[in-house]
Amino acid sequence: MSKKKVLITGGSGLLALNIAIYKKDDWEIFLVLNTKKVSIDRVVTVKLNLDSLGDVDEMVESIRPDYIIHTAGLTSVELCEKHRSNARISNVITTRNIAKVAGKYDIKLFHISTDHFTRSCMPNSSEEDIDIPLNYYAQTKLEAEFEVNRYSPDAVVLRTNFFGWGPSYRQSFSDFIIKSLRGTEKVHLFSDVFYNPILIDDLADIIGSLFESSFTGVLNAVGDDRVSKFEFGKMVASQFDLDESYLVPVLITDQKDMVKRPKDMSLSNNKLKEVLGEKSYSIESSLKKLFTQEFDGRDKQVNNAVVHEDPALIYYGKQSIDDDDFDAIMAGLNRSFLTQGPKIKEFEDKIAKYVGAKFAVAVSNLTAGLHIACLAAGLKKGDSLITSPISFVASSNCALYCGAKPNFADIDPRTLNIDAEEVRKRCKELGNVKVIIPVHFSGSPCDMKELAAVADEYGAVIIEDAAHALGAKYKTGEMVGSCEHSLMTGFSFHPVKSITMGEGGVITTNEEEIYKQLYRLRSHGIIKGNDPLFIDEEATTDGLPNPWYYEMQQLGFNYRITDLQCCLGISQLKKLDRFIARRVEIAQTYDLAFKHLKNVKVAQKGTRALSAHHLYNIRVDFKKLGISKNELFELFKKEGISLHVFYIPIPMQPYYRDKLKTDISDYPNALKYYREAVTLPLYPDMTDKDINNVINAVKTIIK
1058 MSKKKVLITG GSGLLALNIA IYKKDDWEIF LVLNTKKVSI DRVVTVKLNL DSLGDVDEMV
1118 ESIRPDYIIH TAGLTSVELC EKHRSNARIS NVITTRNIAK VAGKYDIKLF HISTDHFTRS
1178 CMPNSSEEDI DIPLNYYAQT KLEAEFEVNR YSPDAVVLRT NFFGWGPSYR QSFSDFIIKS
1238 LRGTEKVHLF SDVFYNPILI DDLADIIGSL FESSFTGVLN AVGDDRVSKF EFGKMVASQF
1298 DLDESYLVPV LITDQKDMVK RPKDMSLSNN KLKEVLGEKS YSIESSLKKL FTQEFDGRDK
1358 QVNNAVVHED PALIYYGKQS IDDDDFDAIM AGLNRSFLTQ GPKIKEFEDK IAKYVGAKFA
1418 VAVSNLTAGL HIACLAAGLK KGDSLITSPI SFVASSNCAL YCGAKPNFAD IDPRTLNIDA
1478 EEVRKRCKEL GNVKVIIPVH FSGSPCDMKE LAAVADEYGA VIIEDAAHAL GAKYKTGEMV
1538 GSCEHSLMTG FSFHPVKSIT MGEGGVITTN EEEIYKQLYR LRSHGIIKGN DPLFIDEEAT
1598 TDGLPNPWYY EMQQLGFNYR ITDLQCCLGI SQLKKLDRFI ARRVEIAQTY DLAFKHLKNV
1658 KVAQKGTRAL SAHHLYNIRV DFKKLGISKN ELFELFKKEG ISLHVFYIPI PMQPYYRDKL
1718 KTDISDYPNA LKYYREAVTL PLYPDMTDKD INNVINAVKT IIK
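Residue numbering for the sequence shown follows our numbering, beginning at 1058 and increasing consecutively.
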């Protein structure tokens, strides 16, 4: 007889690992993993993100299991309360996806739920006796049950509270008690919190028995005995011959800062025994099994099943998203407008107010923003634009989009920003410079007064590329984006920038006519009554405007942003000052740590108080160091750190070099910087441990 195919989610968790080890001879098991690696003889592992319905569907269709046991979820009550968006995704969204796919392919689903929404006032609650959840963990688990019932009505929901041997990173309650008592540590256990614990092996046997049962619905899969946490601790100590004098009874009612929990989570397993027949699930017999399992090496099997893997890389940049952002997006989904609605104007007004500009126009991304900014400035075929060679290609591509010619002026080796004197020389050489785009590289502001003087001298206008610089200030004290020294300023909201909207950008200006042009160009060049209309007989009826009427008066583009993105942007903007403060703190920590290092120079150190610190760049003398840049990157990767380089000079790009005949040797400061440049990780969510890891790697590798 062929083995039943069983797919188990949450493959690196305490429950899934134990079931897989216990049942691998009886079932053909497929363990679903997300990040960790697991290796169990005769068990197949599958890497998958359960929050993608399409990926889940594809995986289940390819395996076609007979049964699915869904154990995955975020079970820490504290973490669920603190990170509600993660809790909802882990406990509700993933369950919905599993339930949908199980229902689609008619696969029996066993969903592992919790005992956290029982009625606190009564012991041994039945399956029908549930109360309003006291915490967000319980709320998400109850919602998950609703999803199972909705999409997989033939499923079995198992409310339970289990124990067994867990991996080092995921101890069970019994692990915690045993290890603490063996280490002669005091263990504080609640004497007023009651539950019915069950051994994982018994739970696995229950699930196996239900494979052949026609039962559907909710079952309390728990032990026979209702005990307090303290009483359970005493029983563990007795079975394992440990000193119970280290057990200290405490009351949950005395815990002031703890997330609320039910005091009595005990469940009746009468219905379970009606379905499967009378069987003992006593704590005494379960602890004897647990004791025997240790001698048989189950604890080591569980620990050894999780394969050591390299730590997650610390990347150069990363977005900072929290529950406020999640809630803002969810609220946006419930609004009448997903795009072209009021949230766009609200975001634009808040950005304009923050930087001190009169107007702001939000766009799909800053590349689009720079394009229409150049058009609004009148850049056309035959004109020239000057920008920095050390930037992303969008800073110069915007000239090409308008039919104009992009040109470059070398950087100041101290600031890494475009050198005003080099701009003056280029303006004199070219003679037809219409637009200058200074780039506030890494968030460090350019000297805008000097650049404005050059622009005035040669009749050019300035459009600031402040993709890196939201939150930065000029030397003169104004916020970058106030357009005090320019016609327009553009910001980016790519995930690693000061704030994120997924993608997106904004152009600020103080000129109303420029604002109107940007507004039109963003949306197909269409006028909807906000400016004079050309065909009056179509636009009005009896002198009143026709509400449906619009006119395309010039060639524009679909560069619109969505209300959903702006909901996120509004939420992110509230935290911008905190983000910048953390970036400054990290940069200053790096500065101090690298102060006396040989072969390393810290870049842009002189603008710490002004910069938005999008990037932290160092300059490495690779010749003296005796290794290549690629070798350095590999050495850091082995330490769990992902370096980057910003930027490959634009004149070196094949399109510019071959088609536009640019020569990087014309910009020696930019080339020298690029050859030495290394970008270290810097983002607000970096932990102190992350920062120390980077510092230690730099000190160890770059000696």
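Note that beta-carbon positions come from the ideal geometry of N, C-alpha and C, so glycine has one too.
Cβ pair residue i, residue j closer than 8 Å
i	j	result
asparagine 1253	valine 1275	no
leucine 1427	asparagine 1464	no
threonine 1175	aspartate 1163	no
histidine 1551	leucine 1672	no
valine 1113	valine 1158	yes
threonine 1566	alanine 1414	yes
isoleucine 1126	valine 1205	no
arginine 1617	arginine 1577	no
tyrosine 1724	proline 1446	yes
isoleucine 1255	serine 1343	yes
alanine 1417	glutamate 1403	no
leucine 1633	leucine 1544	no
asparagine 1143	leucine 1110	no
phenylalanine 1548	tyrosine 1704	no
lysine 1291	isoleucine 1309	no
asparagine 1422	glutamate 1642	no
Contact belief for residue i with residue j at Cβ below 8 Å, rounded distance in angstroms
i	j	result
alanine 1529	glycine 1500	5 Å
serine 1323	phenylalanine 1219	Between phenylalanine 1219 and serine 1323 the Cβ distance is about 14 Å, and since that is not below 8 Å, they are no contact.
tyrosine 1124	phenylalanine 1272	Actually they are not in contact, since the Cβ atoms of tyrosine 1124 and phenylalanine 1272 sit about 13 Å apart, beyond 8 Å.
threonine 1102	glycine 1067	About 12 Å; that fails the 8 Å criterion.
cysteine 1484	isoleucine 1443	7 Å
alanine 1362	isoleucine 1637	Not quite, the Cβ-Cβ distance comes to about 44 Å (not below 8 Å), so this is no contact.
lysine 1094	valine 1364	4 Å
methionine 1709	glycine 1626	Going by Cβ atoms, the distance from methionine 1709 to glycine 1626 rounds to 34 Å, so no, they are not a contact pair.
Per-residue burial, residue i [other beta carbons within 10 Å of its own, 16 or more giving buried]
i	result
arginine 1053	Any answer about residue 1053 is impossible in this case: the structure gives the chain only from 1058 up to 1760.
glutamate 1595	exposed
serine 1170	buried
leucine 1601	exposed
glycine 1683	exposed
histidine 1542	buried
methionine 1505	buried
phenylalanine 1498	buried
lysine 1198	buried
leucine 1246	buried
aspartate 1620	buried
threonine 1472	buried
valine 1657	buried
lysine 1165	buried
arginine 1283	buried
Residues bridged to residue i [DSSP beta-bridge criterion]
i	result
phenylalanine 1251	Ser1285, Asp1321
proline 1602	Thr1597
tyrosine 1673	Leu1737
alanine 1417	Thr1565
isoleucine 1120	In the DSSP output, where bridge partners are listed per residue, isoleucine 1120 has none listed.
asparagine 1361	Note: asparagine 1361 sits in no beta bridge, so no partner.
threonine 1102	Leu1088
leucine 1256	Phe1220
leucine 1442	Pro1463, Val1492
glycine 1274	Val1213
histidine 1127	His1168
serine 1549	Gly1562
lysine 1658	Arg1676
histidine 1245	Val1305
glutamate 1608	Ile1584
threonine 1175	Ile1187
N-terminal and C-terminal residue of the alpha helix (DSSP H) that residue i is part of
i	result
glutamate 1085	Segment 1084-1090 is the beta strand (DSSP E) holding glutamate 1085; no alpha helix (DSSP H) there.
serine 1628	1620-1630
aspartate 1232	1230-1239
aspartate 1381	1380-1390
glutamate 1521	From DSSP, glutamate 1521 is part of no alpha helix (DSSP H) but of the beta strand (DSSP E) over 1518-1522.
leucine 1649	1633-1650
isoleucine 1429	1423-1433
leucine 1689	1686-1695
leucine 1763	The first residue shown for the chain is 1058 and the last is 1760, placing residue 1763 beyond what the model contains.
aspartate 1108	That residue, aspartate 1108, is in no alpha helix (DSSP H); it is neither H nor E in DSSP.
Residue span of the beta strand (DSSP E) that contains residue i, given as start and end
i	result
proline 1306	1304-1307
Closer than 7 Å: residue i CB and nearest the ligand GDP heavy atom
i	result
histidine 1245	Absence of the ligand GDP from the depicted structure is noted, as is the absence of any ligand whatsoever, leaving it without description.
Short CB-CB distance (under 8 Å) between residue i and chain B
i	result
isoleucine 1120	Protein chain content of the structure displayed is limited to a single chain, and chain B is not contained in it.
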